[in-house]
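Trainee:
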Amino acid sequence: MISAAGWVGPVTQVAMSVMALAMVLAVVRLLKGPSLCDRVIAMDLLMNLAVGVIALYTVGSGKTVFLYAVIVTSLISFLGTVGFVYYIERRNT
Amino acid sequence: MRKLSYNILLAVIWAAMAGSFEPPVLVTGALLGYAVLRICRAPKGGRHFRSVRSTIAYALFVAWELWLSSVQVAHDVITTAKRNTPGVVAVPLEPLSDMQIFILANSITLTPGTMTLDVSSDRRTLYIHGMFVKDPAAFRKGLKENFERRVMELMR
Amino acid sequence: MRAWLVCVLVGGGTFFALVAAIGILRMPDLYTRMHATSKAGTLGVGFLLAAAAVQHGRLETAAVAVLTIAFIVLTAPVAAHVIVRAAYYAGVPMSPNSVADDLKAERERRRSDRAR
Numbered sequence: 005m006i007s008a009a010g011w012v013g014p015v016t017q018v019a020m021s022v023m024a025l026a027m028v029l030a031v032v033r034l035l036k037g038p039s040l041c042d043r044v045i046a047m048d049l050l051m052n053l054a055v056g057v058i059a060l061y062t063v064g065s066g067k068t069v070f071l072y073a074v075i076v077t078s079l080i081s082f083l084g085t086v087g088f089v090y091y092i093e094r095r096n097t
Numbered sequence: 088m089r090k091l092s093y094n095i096l097l098a099v100i101w102a103a104m105a106g107s108f109e110p111p112v113l114v115t116g117a118l119l120g121y122a123v124l125r126i127c128r129a130p131k132g133g134r135h136f137r138s139v140r141s142t143i144a145y146a147l148f149v150a151w152e153l154w155l156s157s158v159q160v161a162h163d164v165i166t167t168a169k170r171n172t173p174g175v176v177a178v179p180l181e182p183l184s185d186m187q188i189f190i191l192a193n194s195i196t197l198t199p200g201t202m203t204l205d206v207s208s209d210r211r212t213l214y215i216h217g218m219f220v221k222d223p224a225a226f227r228k229g230l231k232e233n234f235e236r237r238v239m240e241l242m243r
Numbered sequence: 054m055r056a057w058l059v060c061v062l063v064g065g066g067t068f069f070a071l072v073a074a075i076g077i078l079r080m081p082d083l084y085t086r087m088h089a090t091s092k093a094g095t096l097g098v099g100f101l102l103a104a105a106a107v108q109h110g111r112l113e114t115a116a117v118a119v120l121t122i123a124f125i126v127l128t129a130p131v132a133a134h135v136i137v138r139a140a141y142y143a144g145v146p147m148s149p150n151s152v153a154d155d156l157k158a159e160r161e162r163r164r165s166d167r168a169r
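Residue numbers (this note's numbering), protein chains in the order written: chain A, 5 to 97; chain B, 88 to 243; chain C, 54 to 169.
1) In chain order, what residues of the same chain have a beta carbon less than 7 Å from the beta carbon of L153/B, not counting five sequence neighbours either side?
2) Taking 6 Å as the line, does the beta carbon of V76/A fall inside it for any heavy atom of the ligand FAD?
3) Which residues in chain C have a C-beta closer than 7 Å to the C-beta of M47/A? List them in chain order.
4) Spatial neighbours of T94/B within its chain, please: CB distance less than 7 Å, with the 5 preceding and 5 following residues excluded, ordered by chain position.
5) How would you list, in chain order, the residues of chain A whose beta-carbon sits under 7 Å from the beta-carbon of G94/C?
6) Between the alpha carbons of D82/C and L83/A, how many angstroms are there, rounded?
7) Give the DSSP bridge partners of H216/B, in chain order.
8) What does the Cβ neighbour count give for Y90/A, buried or exposed, with the cut at 16 atoms within 10 Å?
9) To the nearest angstrom, how far is the alpha carbon of A115/C from that of A59/A?
10) Quick one: is M87/C near chain A, going by C-beta distance under 7 Å?
11) Run through DSSP, which three-state label would M47/A get?
12) In chain order, which beta strand (DSSP E) runs of at least 3 residues are fully inside the stretch 24-78 of chain A?
13) What residues in its chain sit with their C-beta under 7 Å from that of A133/C, if we drop five residues either side in the sequence?
14) Taking only beta-carbon positions, decide if G13/A is within less than 7 Å of chain C.
15) For N193/B, which residues in chain C fall below 8 Å Cβ to Cβ?
16) Which whole-angstrom value describes the C-beta separation of V149/B and S194/B, a residue pair presumed to lie in contact below a C-beta threshold of 8 Å?
17) Helix, strand or coil: how does DSSP classify M54/C here?
18) Taking V59/C as the query, report the chain A residues whose CB atoms sit under 7 Å from its CB, ordered along the chain.
19) So, for A30/A: in the same chain, excluding its five sequence neighbours on each side, which residues have a beta-carbon less than 8 Å away from its beta-carbon?
20) Return the chain-ordered list of same chain residues with a C-beta closer than 6 Å to the C-beta of H216/B, the five sequence neighbours on each side being excluded.
21) For the alpha helix (DSSP H) containing W151/B, list its first residue and its last residue.
22) If you draw a straight line from the C-alpha of V12/A to the C-alpha of C60/C, how long is it?
23) Do V164/B and I77/C have their beta-carbon atoms positioned less than 7 Å apart in this structure?
24) Is H109/C close to chain B, meaning its C-beta is less than 7 Å from at least one C-beta of that chain?
25) Which class does M147/C belong to by DSSP, given the choice of helix, strand or coil?
26) Given this structure, state the Cα-to-Cα distance separating P199/B from A89/C, to the nearest angstrom.
27) Can you find a C-beta in chain C that's less than 7 Å from the C-beta of S21/A?
28) Suppose you measure from the CA of R55/C to the CA of V107/C; what does that come to, to the nearest Å?
29) So is E232/B buried or exposed if we call it buried at 16+ other beta carbons inside 10 Å?
30) Strictly below 8 Å CB to CB, what residues from chain B border E161/C?
31) Between E161/C, G144/C, A139/C, L71/C, which has its C-alpha nearest R94/A's C-alpha?
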């Protein structure tokens with residue numbers, strides 16, 4: 005069986021660059037979005053991608069203490085999204 | 088009985104977050120779970136989950152639908168043909184409890200091509216935004232048969 | 054053996070995250086953009102967290118990763134629904150090749166309530 009243990013490092017590095025590209029695309033939508041809700045969606049996606057980047061870093065470096073940051077980030081992103089939408093609804097009524 | 092199982096679930100979640108499953112941590116989780124359950128109201132309605140087996144089967148069904156929907160999104164994003172015909176469809180509902188409507192709306196959002204838009208104030212109609220709505224009546228019937236039947240089987 | 058699984062999970066997760074980001078740029082209107090990000094983004098992040106759990110292999114890490122995945126799968130559809138509902142009642146237009154619109158009456162009613 006071909007040993008794959010040496011492949012995890014390069015695969016993680018390539019994956020990090022691809023995630024960075026995905027975050028740049030989300031920021032393009034954040035700047036371009038014609039309405040406010042487009043920007044809220046882009047922000048939600050950006051935080052989810054940040055969660056993915058932290059998980060990827062955990063794979064690459066082996067330090068698992070960052071997984072506790074992951075749950076806090078997803079919690080705060082969800083609360084932020086719901087709070088922002090509450091503000092949008094209040095502004096329209 | 089239901090509160091005891093919720094209490095055990097909260098204790099296990101507390102131990103998983105704390106990082107160890109030793110007895111002191113589990114006891115702390117059980118006490119905190121009891122305090123939380125005392126503060127929160129019990130959910131309205133008498134429905135509860137039928138069995139652990141049907142819950143796991145439903146969770147696997149939702150996971151499979153999530154995989155299918157992501158594959159469909161990937162296909163739609165990569166190929167350049169603009170085939171999507173979006174639309175909002177109203178689906179009438181049987182009388183369901185709040186928990187069932189929540190599970191139904193979550194599962195619909197995770198399946199290929201559908202997303203929950205709104206629930207009417209009398210809880211009898213569900214408005215769903217679909218990505219490939221060729222025929223609204225067939226769409227409505229497909230949704231009712233697949234999802235509502237499964238959710239009603241899940242909880243008694 | 055475990056390293057192969059980690060590589061597959063990392064590759065799949067990154068692919069779906071990239072699909073979600075491309076989808077948010079390419080889709081014609083706000084509602085289809087939300088379709089793309091809520092489904093593909095959730096699955097991609099879930100795969101990456103599963104890769105972190107498999108790589109380390111201990112029970113505590115796997116428990117935290119499974120809890121985070123469950124939390125994201127429960128709350129991402131709720132966030133998607135809340136955004137789309139607020140956008141619909143705020144008047145964000147749907148894509149031109151739309152087929153049916155059953156909620157239009159409610160939107161007109163709310164708009165006339167607001168204007169009064």
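A virtual CB, placed ideally from N, CA and C, is assigned to each residue, including glycine. Predicted, not measured: the structure shown is a model, and the values here were computed from it.
Mentor: Reading from the atomic positions:
1) As a first step, residue 153/B must be located in the second sequence, where it is residue number 66. Counting only Cβ-Cβ distances below 7 Å, and skipping sequence neighbours, we find L197.
2) With respect to the ligand FAD, the structure shown offers nothing to examine, as it has no ligands at all.
3) The sequence position of residue 47/A within the first sequence is 43, counting from 1. The contacting residues do not exist; M47/A stays about 10 Å from chain C at best.
4) For the purposes of this step, residue 94/B is identified with residue 7 of the second sequence, where counting begins at 1. First, the amino acid is wrong: residue 94/B is Asn here, not Thr. Residues of the same chain with a CB within less than 7 Å of the CB of N94/B, apart from the 5 flanking positions on each side, are A117, G120, Y121, L124 in chain order.
5) Here the question's residue 94/C lines up with position 41 in the third sequence. Ordered by position in chain A, the residues that pass the 7 Å Cβ test against G94/C are L49, N52.
6) Locating residue 82/C in the third sequence gives position 29, where the first residue counts as 1. Locating residue 83/A in the first sequence gives position 79, where the first residue counts as 1. The alpha-carbon atoms of D82/C and L83/A are separated by roughly 25 Å.
7) Here residue 216/B refers to the residue found at position 129 when the second sequence is read from its first residue. Answer is V175/B, M202/B.
8) Counted from its first residue, the first sequence places residue 90/A at position 86. Y90/A should be labelled exposed.
9) Here the question's residue 115/C lines up with position 62 in the third sequence. Here the question's residue 59/A lines up with position 55 in the first sequence. Note on geometry: alpha-carbon atoms of A115/C and A59/A lie some 12 Å from one another.
10) Here residue 87/C corresponds to residue number 34 of the third sequence, with the count starting at 1. Answer yes: the Cβ-Cβ gap between M87/C and chain A drops below 7 Å somewhere.
11) For this step, residue 47/A is matched to residue 43 along the first sequence. DSSP, reduced to helix, strand and coil, places M47/A within a helical segment of the structure shown.
12) Here no run is fully enclosed.
13) Position 80 of the third sequence, counted from the first residue, corresponds to residue 133/C. The answer, listed in chain order, is M87, S91.
14) Here residue 13/A refers to the residue found at position 9 of the first sequence. Taking Cβ atoms only, chain C never reaches closer than 7 Å to G13/A, which makes this a no.
15) Taking the first residue of the second sequence as position 1, residue 193/B is located at position 106. Against chain C, a Cβ distance below 8 Å from N193/B picks out L127, P130, V131.
16) Taking the second sequence and counting its residues from 1, the one referred to as residue 149/B is at position 62. Taking the second sequence and counting its residues from 1, the one referred to as residue 194/B is at position 107. Here V149/B really is in contact with S194/B; their C-beta atoms are around 5 Å apart, less than 8 Å.
17) For the purposes of this step, residue 54/C is identified with residue 1 of the third sequence, where counting begins at 1. DSSP places M54/C in coil when its eight states are reduced to three.
18) Here residue 59/C corresponds to residue number 6 of the third sequence, with the count starting at 1. By Cβ distance, chain A contributes V12, V63.
19) What you label residue 30/A is simply residue 26 of the first sequence in a count that begins at 1. Answer for A30/A: A46, L49, L50, L53, listed in chain order.
20) As a working mapping, residue 216/B is identified with position 129 in the second sequence. V175, M202, L204.
21) Along the second sequence, read from residue 1 onward, the residue named residue 151/B stands at position 64. Residues 139-165.
22) The residue given as residue 12/A occupies position 8 in the first sequence. The residue given as residue 60/C occupies position 7 in the third sequence. Taking the straight line from one Cα to the other gives about 6 Å.
23) To locate residue 77/C, count along the third sequence from 1; it is residue 24. To locate residue 164/B, count along the second sequence from 1; it is residue 77. Contact check for I77/C against V164/B fails: the beta carbons are separated by 7 Å or more.
24) Residue mapping note: residue 109/C aligns to position 56 of the third sequence, counting from 1. Output row for H109/C: interface = no.
25) Indexing the third sequence from 1 puts residue 147/C at position 94. In the structure shown, M147/C sits in coil (DSSP, three-state: anything other than H, G, I, E or B).
26) As a working mapping, residue 199/B is identified with position 112 in the second sequence. As a working mapping, residue 89/C is identified with position 36 in the third sequence. Cα to Cα, P199/B sits roughly 10 Å from A89/C.
27) Within the first sequence, numbered from 1, the residue matching residue 21/A stands at position 17. No, no contact with chain C.
28) The residue you call residue 55/C lines up with position 2 of the third sequence. The residue you call residue 107/C lines up with position 54 of the third sequence. The alpha-carbon separation between R55/C and V107/C amounts to approximately 7 Å.
29) Within the second sequence, numbered from 1, the residue matching residue 232/B stands at position 145. Exposed, by the Cβ-count rule.
30) Position 108 of the third sequence, counted from the first residue, corresponds to residue 161/C. Within 8 Å Cβ-Cβ: nothing; E161/C doesn't reach chain B, min ~14 Å.
31) One-based indexing of the first sequence puts residue 94/A at position 90. Answer by Cα proximity: A139/C.
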